[in-house]
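Chemist: In this note's numbering, the protein residues as written are 194 to 392. Cβ coordinates follow ideal geometry from the N, Cα and C atoms, glycine included. Sharing a structure below in structure tokens format, with a few things to ask.
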Amino acid sequence: MFELGRAPVYWKTMNGLPPTSGKKVKLFYNPAATKLVPNEEYGIAFNGGFNQPIMCGGEPRAMLRKSRGKADSPIYTIQICVPKHAVNLIFSFTNGANWDGPYRLQFQVPKAWQNRAIEFFNQGLAEELSQEGACDRAIFPDTNIVVDGCVMIGNLSKEGGDRCSLDLVPGCMDPNSYLYNPLANVDDGSCLIDSDSED
């Protein structure tokens, strides 16, 4: 449904289980499903807060644009590192002029905390998020690094389009040096330069 543009929001966790407090979740947004036209400068921005809109809400954060080819419109992603005391995430999307939302994503909490009052979670969350940069670490754009091949140097072997086996051994590669390392395949500059030639 999400890929077809009928559902605007989709989430995915690292372990395949429902979103859980203290874990990571990735949110996907398809603006075509709600007819929200992406901003020319930054696309779509995310604004959300834990337990209540003000906890890490505020300035919208630009999402990472993922192109899906010419036939499909792009989707946008953002990573969420869920604080331990978060019970839900209330969020919206914007192009700078119009908004889509709010949406709510419920988190599973540890069994020992399941019967606690919401005040327990709000107080713990306030302590977690009071640290410098806590919200930036909790809600951040996905990485925009695409590895589509490997440069073949030394003993670097190609394993596939998305990964490289780095079997690198740094050391002196000059066989005339007493610091020569026969196993080295990357020169680390440890060979001593003969200073007699300098006058």
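Out of curiosity, what's the CA-to-CA distance linking D265 and K219?
Modeler: In a straight line, the C-alpha of D265 is about 20 Å away from that of K219.
Chemist: How big is the Cα-Cα spacing for L229 and W292?
Modeler: If you take the alpha carbons of L229 and W292, they lie about 8 Å apart.
Chemist: State yes or no: is the C-beta of P295 within less than 8 Å of the C-beta of F243?
Modeler: No.
Chemist: Restricting to Cα atoms, I'd like to know which of P368, M366, Y222 is closest to I271.
Modeler: It is Y222.
Chemist: Does K304 come out as helix, strand or coil in the three-state DSSP assignment?
Modeler: Of the three classes helix, strand and coil, the one that applies to K304 here is helix, per DSSP.
Chemist: In this structure, how does DSSP classify A377 when only helix, strand and coil are distinguished?
Modeler: In the structure shown, A377 sits in coil (DSSP, three-state: anything other than H, G, I, E or B).
Chemist: Report yes if the C-beta distance between H278 and G326 is below 8 Å; otherwise report no.
Modeler: No, the pair does not count as a contact, with Cβ atoms beyond the cut-off.
Chemist: Cα separation between P368 and P375?
Modeler: Each residue's alpha carbon lies about 8 Å from the other.
Chemist: Alpha carbon to alpha carbon, what distance is there between D380 and V362?
Modeler: If you take the alpha carbons of V362 and D380, they lie about 9 Å apart.
Chemist: Using CA coordinates, which residue listed in S214, A225, M256 is at the minimum distance from A305?
Modeler: Of S214, A225, M256, the residue nearest in Cα terms is S214.
Chemist: In this structure, does DSSP put L385 in helix, strand or coil?
Modeler: Reduced to three states, the DSSP call for L385 is coil.
Chemist: Look at the alpha carbon of E233 and the alpha carbon of G289, and state the distance between them as a whole number of angstroms.
Modeler: Those two C-alpha atoms are separated by around 10 Å.
Chemist: For G342, name the three-state secondary structure that DSSP assigns.
Modeler: With a pLDDT of only 39 at G342, under 50, the local geometry of the prediction cannot be trusted, and no value is derived from it.
Chemist: On the three-state DSSP scale, how would you describe P224?
Modeler: P224: helix per DSSP, three-state reduction.
Chemist: If you run the structure through DSSP and keep just helix, strand and coil, what is R330?
Modeler: The answer is helix: DSSP assigns R330 an H, G or I state.
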